[in-house]
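Going by full-length UniProt numbering, the first residue of the sequence shown is number 1, and it counts up by one from there.
Beta carbons: idealized from backbone N, C-alpha and C, even for Gly.
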Amino acid sequence: MSFSGTDTFDEMIDAEGGVRPAYASYREWFDEQDPRALHRKHQEAEAFFRKTGITFNVYGQDEAEERLIPFDPVPRIIAAHEWRRLSKGIEQRVRALNAFLHDLYHRQEIIRAKRVPESLLRGNAAYLPHMSGFTPPGGVYTHITGIDLVRTGTNDFHVLEDNARTPSGVSYMLENRETMMAMFPELFTRVKVAPVSDYPRRLARSLAACAPPACKGKPVVAVLTPGIFNSAYYEHAFLADQMGAELVEAADLRVVDGRVQMRTTRGFTPVDVLYRRVDDDYLDPLTFRPESMLGVPGIMDVYRAGGITIANAPGTGIADDKALYSFMPEIVEFYTGEKPLLPNVETFRCMEEDGLKYVLDNIADLVVKEVHGSGGYGMLIGPTSSRREIEKFKAKLKANPANYIAQPTLALSTVPILTRKGLAPRHVDLRPFVLMSPKGIEITPGGLTRVALKRGSLVVNSSQGGGTKDSWVLEE
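If you want it as structure tokens, here you go:
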């Protein structure tokens, strides 16, 4: 999220008005098309999305509202050499995150070295003492990670957020590509684009490679969903279907003979790897929230005994903490011995006296976020907020400064979208999806591009009115 200025970098059009090389073939194709036909296909795509059920629920209102995620048919295109450089930075960051989580739940060397303050753990709800001293199967905590990137210049990419708990959105990445290929098959013969359709197969293979010691034979993988009323239920069902895995709810699972087993027509069958889309607090009512109806009683005991793999590992949510994010440069260097290849966005820590003072003095120019916030909620966007909203937020800051961080408003890059008048630039971010197993790290080419569809807006979150588009990485 950001606000554009005169120096906004446009990914398709250069400063002289020419088309950048990555977009040259696409623009040539676009100029040959009948605009009415393009708009007609766009409407057909949205009708398909609605018919298929590619929707999400918006909470925080009197009743949850089901919405279609708007889809834009103009792709976001990344050159092969740009992606190579990005991939190296993404892999470095994910390796550092996984090493950090292992250290955090074991010797805490980084805290002893005073590179990260211990205060970030004390009282942090995302830190799970139940994971202390336990190493997940294969040493993998972050089986699936989403790294949110923003671009501000030709070679300037920054990490905006890390999503290591239960990153979502990959189903939209896959559906966007399938829709584009169905609408414009001839375009893909002219432009060589790296495929993404094998992501479910890679995910299944990566999860199976993390099978626990108790696994005998071919690993059984299942996807745990909170149920049909969850905002991302479509994605849970989609991924289970595409992986050939069972989609299960809490009522389908129970602990039998020291294993988590799922109900089938032939009785109960042990599950080896559980890709859970349920938050830590609800995972096991015997360990966490006793009133939870979404988890499996006793699953944490089975997990610690080596009877099941839970992906992502419980306790990974601390890596999503935005206050901890501000220490990622130190974390990357501590565990890899290298400087970060992908920099953070400059971040002011309100838990520190100097940081709080700076934020209070400059709040009208900053984006202020809750350290545990997500989806665009619980934040203040200074440049678009009223004086009254700012004063109200200042009171929150003063009352609980450790709950907030702040960042400058960046001139986020733009990518064209299709409007009634033709192509028009809109601001975007990018969420690449990363798979980790003992066999290595795999990064899906591209990822999910989220776009702020309203002119002048930089809110890309779907819950706040943003849309998505297909992300292309050009092949060599």
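For residue i, which residues from the same chain have a beta carbon less than 6 Å from its beta carbon, with the 5 sequence-adjacent residues on both sides left out?
i           : result
residue 315 : 128 and 131
residue 10  : 414 and 425
residue 14  : 20
residue 89  : 341 and 342
residue 63  : Here the model assigns residue 63 a pLDDT of 46, short of 50, so the residue's position is not dependable and the matter cannot be decided.
residue 407 : 345, 347 and 367
residue 297 : 285 and 286
residue 105 : 131 and 132
residue 456 : none
By DSSP, does residue i sit in helix, in strand, or in coil?
i           : result
residue 262 : strand
residue 414 : strand
residue 71  : strand
residue 387 : helix
residue 129 : helix
residue 35  : helix
residue 279 : coil
residue 49  : helix
residue 202 : helix
residue 112 : helix
residue 166 : coil
residue 284 : coil
residue 344 : strand
residue 121 : coil
residue 20  : coil
residue 7   : coil
residue 321 : coil
residue 189 : helix
residue 137 : helix
residue 61  : Legend: pLDDT at residue 61 = 46, less than 50; position of this residue unreliable, value from coordinates given subsequently. Reduced to three states, the DSSP call for residue 61 is coil.
residue 228 : coil
residue 315 : coil
residue 27  : helix
residue 356 : helix
residue 349 : strand
So who's on the other strand from residue i, going by DSSP bridges?
i           : result
residue 181 : Paired residues: none, contrary to the question.
residue 472 : 77
residue 171 : Bridge partners of residue 171: none, in fact.
residue 407 : 367
residue 222 : 246 and 274
residue 448 : 431
residue 437 : 440
residue 148 : 161
residue 268 : 263
residue 253 : 262
residue 309 : 273
residue 156 : 153
residue 456 : None; residue 456 has no bridge partner.
residue 423 : 418
Nearest by alpha-carbon distance to residue i: which of the options is it?
i           : options               : result
residue 387 : 21, 365, 217 and 282  : 365
residue 474 : 452, 445 and 393      : 445
residue 215 : 158, 157, 269 and 50  : 269
residue 161 : 392, 372, 399 and 18  : 372
residue 173 : 134, 433 and 218      : 433
residue 133 : 271, 303, 36 and 254  : 303
residue 249 : 287, 292 and 422      : 292
residue 208 : 221, 197, 199 and 200 : 221
residue 74  : 300, 12 and 260       : 12
residue 431 : 106, 447, 421 and 279 : 447
residue 200 : 23, 170 and 217       : 170
residue 202 : 178, 43, 240 and 258  : 240
residue 471 : 39, 313 and 181       : 181
residue 30  : 184, 401, 428 and 350 : 184
residue 82  : 153, 104, 36 and 245  : 153
residue 478 : 51, 176, 251 and 136  : The question about residue 478 has no answer, for the chain in this structure spans 1 to 476.
residue 402 : 308, 123 and 263      : 123
residue 312 : 337, 226 and 275      : 275
Can you name, in chain order, every residue of its own chain whose Cβ lies under 8 Å from the Cβ of residue i, other than the five neighbours on each side?
i           : result
residue 440 : none
residue 61  : Its pLDDT being 46, under 50, residue 61 is placed unreliably by the model, and nothing is read from it.
residue 453 : 70, 72, 417, 426, 465, 466 and 467
residue 360 : 394, 397 and 398
residue 333 : 339 and 340
residue 352 : none
Leaving out five residues on either side along the sequence, give the residues of the same chain with a beta carbon under 7 Å from the beta carbon of residue i.
i           : result
residue 237 : 247
residue 140 : 98, 210, 436, 437 and 438
residue 404 : 350, 368, 369, 370, 371 and 397
How about the region 219-230 and the region 317-333: do they share at least three Cβ pairs that are nearer than 8 Å? At 8 Å Cβ cutoff, the stretches do not touch.
Is the region 75-93 touching the region 110-124 in the sense that three or more CB pairs, one from each, lie closer than 8 Å? Short answer: they don't touch.
Measuring CB atoms only, is the region 327-347 touching the region 379-395, in the sense that at least three cross pairs come out at less than 8 Å? No: the two stretches stay apart, fewer than three of their Cβ pairs being nearer than 8 Å.
Count Cβ pairs between the region 181-200 and the region 275-292 that sit closer than 8 Å; are there 3 or more? At 8 Å Cβ cutoff, the stretches do not touch.
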